[in-house]
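The structure appears right after this line, and notes come after that.
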Ligand code: FDA
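Numbering (our numbering), first residue to last: 6 to 418.
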């Protein structure tokens, strides 16, 4: 390509980027303007009220708007749509970052994959994660390279890896009753002590022995060189980010969105046919005298490094060592759905916390019993449905949240 043609193409691309950025700003202003006042909510009847503009709420809203003429109100207490999938362009670096932690879409559910095609172009992306252990970056999930690097071995075949793991694994004469036993039975004591035990303590502030087997039951171990974090059939990122998907899903004459509004502050005067609640189930019944459910949260520290290509070898590096108090560092510049090329990089350093937004339900016997009590209350409701990860008190990946919301919509429409 000639030099002139190249510059011509580049200017067109810059104009497209500019228009896209501008329309995003307009969209935000427009939404702010359309964001209903309390008076409007008070005076209007809605067929459907949805609490939460996250993935679960957006799917329900989109499905009603696409298949009926019903009026829909979405109430969101945050100042943006998208729930925990919300992303934005970092002011200082121009890099797209996710406000509530890295989000990689992956699924084996064909109907979910085909559903999300309507709202975005998707860029195939295979997520690679490394762990920083004893001064080295090693692949995670544990694979042949991980154990060779950490223990100075020279495993060269899958058979040798099978044997090594078999020797390491601790065999119990009963089904594992907690996460320590699960991890020991899957990876053995050396890897458990080096990676999984300290990381779990940092993440949950509890020893794996105090946690339900389900917490570590799904730790993947690879018997070969597979270094992709997920092995699902579909793995991708939305070309224009996740927030764009939510804008598309909620764009309908029948959907009204009310941001910055806590449902409980307006509940008494809302006039709704059906209500879909995607917030924490224990918050819905907070005046029923039950103990609150326990959640684990995250704190994110933003660090900008100027004039650098990349800071770390991959988008996510976990830090199991107890010497540091953070659990993982995300470098969004690695993700291929960036709008601009930046000379700098921005890191989001994650630290686990007891306080803050409810991210991870804490699965132990007490919480399981307590959740059942909340579930019993929910079953007695008429025209109120509990949807999503907070209402189910269960960690959902995005595809599971979509699947669950589609299922609920079909069952309750
Ligand atoms: P979500 O929490 O997103 O939405 C609920 C909404 O309800 C929130 O916006 C909240 O503000 C609102 N709300 C609550 N109470 C309210 C009230 N009283 N009034 C008004 N609004 C209220 N998945 C995946 O597939 N790949 C990944 O890589 C990741 N990564 C990831 C990282 C981290 C750190 C977390 C915590 C989670 C993930 N996930 C993930 C999971 C993903 O975030 C999850 O599947 C979806 O966010 C679930 O969407 P929901 O709508 O159910 O909840």
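From the three backbone atoms N, C-alpha and C, an ideal C-beta is built for every residue, glycine too.
Taking buried to mean at least 16 other C-beta atoms within 10 Å of its own C-beta, is residue i buried or exposed?
i, result
"residue 139", "exposed"
"residue 156", "exposed"
"residue 177", "exposed"
"residue 415", "exposed"
"residue 274", "exposed"
"residue 71", "exposed"
"residue 347", "buried"
"residue 412", "exposed"
"residue 258", "exposed"
"residue 74", "exposed"
"residue 201", "buried"
"residue 212", "exposed"
"residue 112", "buried"
"residue 179", "exposed"
"residue 223", "exposed"
"residue 270", "exposed"
"residue 195", "exposed"
"residue 249", "buried"
"residue 109", "buried"
"residue 371", "exposed"
"residue 162", "exposed"
"residue 44", "exposed"
"residue 292", "exposed"
"residue 345", "exposed"
For residue i, report the span of its beta strand (DSSP E) as first-last.
i, result
"residue 102", "101–103"
"residue 142", "141–145"
"residue 270", "Premise fails: residue 270 lies in the alpha helix (DSSP H), 268–271, not in any beta strand (DSSP E)."
"residue 278", "276–282"
"residue 52", "50–56"
"residue 263", "260–263"
"residue 289", "Run containing residue 289: none in the beta strand (DSSP E); it sits in the alpha helix (DSSP H), 286–289."
"residue 506", "Past the boundaries of the shown model lies residue 506; the chain is included only from 6 to 418, so the question cannot be answered."
"residue 112", "110–112"
"residue 483", "With the chain covering only 6 through 418, there is no way to say anything about residue 483."
"residue 323", "321–323"
"residue 302", "300–310"
Sorted by chain position, which residues of the same chain lie with C-beta nearer than 6 Å to residue i's C-beta, five sequence neighbours on each side aside?
i, result
"residue 81", "58 and 264"
"residue 95", "102 and 351"
"residue 131", "233 and 240"
"residue 36", "Caution applies to residue 36, whose pLDDT of 47 falls short of 50 and renders its modelled position unreliable; the model cannot decide the point."
"residue 47", "274"
"residue 123", "none"
"residue 129", "241"
"residue 208", "332 and 357"
"residue 268", "56 and 80"
Could you spell out the range, first to last residue, of the alpha helix (DSSP H) harbouring residue i?
i, result
"residue 248", "247–254"
"residue 62", "60–72"
"residue 208", "202–209"
"residue 219", "219–222"
"residue 121", "115–121"
"residue 411", "403–417"
Near residue i, what residues of its chain come up, given a Cβ to Cβ distance below 7 Å and the 5 sequence neighbours on each side ignored?
i, result
"residue 2", "This structure cannot settle anything about residue 2, because the visible part of the chain is limited to 6 through 418."
"residue 117", "404, 407 and 408"
"residue 4", "With the chain covering 6 to 418 only, the question about residue 4 has no answer from this structure."
When the distance is taken between beta carbons, is residue j closer than 8 Å to residue i?
i, j, result
"residue 66", "residue 79", "yes"
"residue 210", "residue 326", "no"
"residue 134", "residue 321", "yes"
"residue 190", "residue 203", "no"
"residue 187", "residue 218", "yes"
"residue 383", "residue 286", "yes"
"residue 366", "residue 390", "no"
"residue 353", "residue 307", "yes"
"residue 379", "residue 281", "no"
"residue 295", "residue 375", "yes"
"residue 300", "residue 364", "yes"
"residue 362", "residue 335", "no"
"residue 146", "residue 227", "yes"
"residue 251", "residue 396", "no"
"residue 127", "residue 244", "yes"
"residue 266", "residue 393", "no"
"residue 388", "residue 349", "no"
"residue 309", "residue 98", "yes"
"residue 170", "residue 193", "yes"
"residue 105", "residue 89", "yes"
"residue 255", "residue 398", "no"
To which residues of the same chain is residue i closer than 8 Å at the C-beta, ignoring the five residues directly before and after it?
i, result
"residue 230", "148, 149 and 150"
"residue 154", "141 and 143"
"residue 183", "213, 214, 215, 216, 217 and 218"
"residue 339", "315, 319 and 320"
(Q) Please give the ranges of any beta strand (DSSP E) in the region 336–398, keeping only runs that are unbroken, at least 3 residues long and fully inside the region. (A) 350–358 and 389–391
Q) Which runs of the alpha helix (DSSP H), 4 residues or longer, sit entirely within the region 131–194? A) 149–156 and 163–173
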